[in-house]
Amino acid sequence: MRILMSDRLEVLTSFIESSSSLDELSKKTEGFTIGELERLSKRIRIQAIIRGDKLANNDDVEKSLEETRAITSGNLAETSAGEWEMKLSDVGGMREQKRTLEELLLWPAKYADLFARCGVRMGRGVLLCGPSGCGKTILAKAFAAHTKFQTIFIKGPELLSKYIGSSEENVRNAFARARSSAPCVLIFDELDSLAPRRGADNTGVTDRVVNQLLTEIDGAEGLNGVFVLGCTSRRFDHKLICGLPNQEDREEILSIVLQKIKHDGEFNLAKLSSMSDGWTGADLNAWMLNAHFLASRRKAKDAEPSITMNDVIEVHNESRPKPRREQTAEFRAGQRITLA
Numbered sequence: 001m002r003i004l005m006s007d008r009l010e011v012l013t014s015f016i017e018s019s020s021s022l023d024e025l026s027k028k029t030e031g032f033t034i035g036e037l038e039r040l041s042k043r044i045r046i047q048a049i050i051r052g053d054k055l056a057n058n059d060d061v062e063k064s065l066e067e068t069r070a071i072t073s074g075n076l077a078e079t080s081a082g083e084w085e086m087k088l089s090d091v092g093g094m095r096e097q098k099r100t101l102e103e104l105l106l107w108p109a110k111y112a113d114l115f116a117r118c119g120v121r122m123g124r125g126v127l128l129c130g131p132s133g134c135g136k137t138i139l140a141k142a143f144a145a146h147t148k149f150q151t152i153f154i155k156g157p158e159l160l161s162k163y164i165g166s167s168e169e170n171v172r173n174a175f176a177r178a179r180s181s182a183p184c185v186l187i188f189d190e191l192d193s194l195a196p197r198r199g200a201d202n203t204g205v206t207d208r209v210v211n212q213l214l215t216e217i218d219g220a221e222g223l224n225g226v227f228v229l230g231c232t233s234r235r236f237d238h239k240l241i242c243g244l245p246n247q248e249d250r251e252e253i254l255s256i257v258l259q260k261i262k263h264d265g266e267f268n269l270a271k272l273s274s275m276s277d278g279w280t281g282a283d284l285n286a287w288m289l290n291a292h293f294l295a296s297r298r299k300a301k302d303a304e305p306s307i308t309m310n311d312v313i314e315v316h317n318e319s320r321p322k323p324r325r326e327q328t329a330e331f332r333a334g335q336r337i338t339l340a
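According to full-length UniProt numbering, the sequence shown holds residues 1 to 340 in order.
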C-alpha cells in the first residue's frame with residue numbers, strides 16, 4: 001500500500017525527536033514502507049550520535065537517506081517528478097517522438113473513461129532506440145519529469161548480480177516498487193545489456209532476466225498506473241526511433257545548448273547546423289564545449305570566457321564525430337532488435 005506524504009511525515013516525526021529537514025525528507029521517501037522509514041530514522045539518529053549531537057542536521061539526513069536507498073532499493077534510483085529539473089523544451093528536436101509519447105502514455109491516463117469504453121488494451125511500454133548520443137536517455141528523463149509522476153530510473157547492468165536468482169529478484173523488485181508508487185514511470189536505460197537476445201549467454205543468467213522481464217511486462221498482475229520506457233526490446237508495445245537530428249532539429253539543439261554557455265550573441269545557427277550534418281545532439285554539445293575550452297584558454301583565469309562564432313568554427317574539425325552511417329542504417333532498417 002502506498003503511504004501518503006502526510007502519513008510519511010507523521011511516521012518520521014514519531015521516530016525522530018527533532019529535525020528541521022522532516023518536511024523535505026517526507027517528500028524524498030516516496031514509495032518507502034513503514035519498515036524502511038523506521039530503518040531510515042534509526043540511521044539518522046545514529047549519524048547524529050556519531051557527531052556527538054542529539055539533534056540531526058541536513059548532512060545526517062542526506063547521508064542516511066543515501067545509505068537506506070542503497071539497501072532498500074538495490075540499484076533503483078527512485079526520484080520524485082521534477083527532481084531532474086528538466087523539461088521537454090530542454091530536448092531539441094524529436095517533435096514526433098514527444099507527441100507519440102504523449103499520446104501513448106499520457107492520454108490513456110488523462111482520458112481513462114474514454115479508453116475504458118473502447119475495450120482495447122492500451123500499451124504501457126515504449127522502446128526508444130537509435131544510435132548512441134541521439135538523446136534517448138535525456139528524452140526519457142524529460143518526459144518522466146513532464147508527467148509529474150514518481151520515477152524509477154534503472155541502468156540495466158546494475159540489476160545484474162553474481163548470485164543465483166538475485167538478478168531476477170532485482171527485476172521483480174523494480175516492478176513491485178513501481179506498482180506501489182503508481183502512477184510511476186519506470187525507465188530502463190542500456191536495456192540491451194540487461195536483456196540481450198535469448199540464448200546469447202552461455203551461463204543462462206541473462207536468459208532468466210529476459211524471461212522475468214517478459215513476465216512482468218506481459219504478466220497477470222498488469223501494469224496499471226506504471227509506464228515503462230526502455231532505451232533499447234521487442235516486447236514493448238511501441239518502438240520509437242530516436243535517429244540523427246535533421247537541420248531544423250540541429251538548429252534547435254544548438255540554440256538550447258548556447259543558452260547555457262556565455263557567448264557574444266553573433267551566431268549563425270543555420271550555418272552551424274549545415275556544418276554538422278550527421279551529428280547527434282551529444283556531438284553538438286561536445287562541439288560547443290570544445291569552443292568553450294578554447295575561449296577559456298584565451299581569457300584570463302579570473303575572467304568568465306565568452307565564446308564567439310570564430311571559436312566554434314575553429315574547433316569544428318576536432319569536434320567532428322567518426323562516421324556512423326552503418327549504425328544509422330542498421331537502426332533505420334529495424335535490424336537492431338533485442339528480446340527476440
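No residue lacks a Cβ here, since even glycine has one placed at the ideal position from N, Cα and C.
Query	Result
Under a three-way DSSP split, which group does Gln150 fall into?	strand
Please work out which residues of its chain come closer than 6 Å, Cβ to Cβ, to Val315, disregarding the five sequence neighbours upstream and downstream, and give them in chain order.	Asn290, Ala291, Leu294
Beta strand (DSSP E) containing Lys239: first to last residue?	238–241
Can you tell me which residues form a DSSP beta bridge with Gly230?	Leu127, Phe188
At the level of alpha carbons, what is the spacing between Arg208 and Cys231?	20 Å
Label Asp60 either buried or exposed according to how many other C-beta atoms from any shown protein chain fall within 10 Å of its C-beta, with 16 as the threshold for buried.	buried
Whose CA, out of Thr13, Ser132, Lys322, lies closest to the CA of Leu191?	Ser132
If we ignore side chains and look at the alpha-carbon of each, how far apart do Ile241 and Ile164 end up?	35 Å
Going straight from the alpha carbon of Ala56 to that of Ile307, what length do you get?	45 Å
Going by CA-CA distance only, name the one from Asp311, Gly265, Glu304, Ile253 that's closest to Leu88.	Ile253
Classify Lys87 as helix, strand or coil using the three-state DSSP reduction.	coil
Does the region 172–190 come into contact with the region 145–158, if we say contact requires no fewer than three beta-carbon pairs (one atom in each stretch) closer than 8 Å?	yes
Using the C-alpha atoms, what's the distance from Ala144 back to Gly82?	Low confidence applies here, because Gly82 scores a pLDDT of 47, under 50, leaving its location unreliable; read the following figure in that light. So the two alpha carbons sit approximately 8 Å from each other.
Would you list the residues sitting across from Lys155 in a DSSP beta bridge?	Asp189
Hey, Ile22 and Thr13: beta-carbon distance below 8 Å or not?	The sequence shown places Leu at residue 22, rather than the Ile named in the question. Cβ atoms of Leu22 and Thr13: closer than 8 Å.
Would you check if the distance between the CB atom of Ala140 and the CB atom of Leu229 is smaller than 8 Å?	yes
To the nearest angstrom, how far is the alpha carbon of Ser273 from that of Cys134?	15 Å
Does Ile164 come out as helix, strand or coil in the three-state DSSP assignment?	coil
Which term fits Arg297, buried or exposed, when burial requires 16 or more other beta carbons within 10 angstroms of its beta carbon?	exposed
So is Asp311 buried or exposed if we call it buried at 16+ other beta carbons inside 10 Å?	buried
To the nearest angstrom, how far is the alpha carbon of Phe188 from that of Gly243?	19 Å
Do Leu106 and Thr147 have their C-beta atoms closer together than 8 Å?	yes
May I ask you to report which of helix, strand or coil DSSP gives Ile253?	helix
Return the CA-CA distance between Ser167 and Ser276, expressed in angstroms with no decimal places.	42 Å
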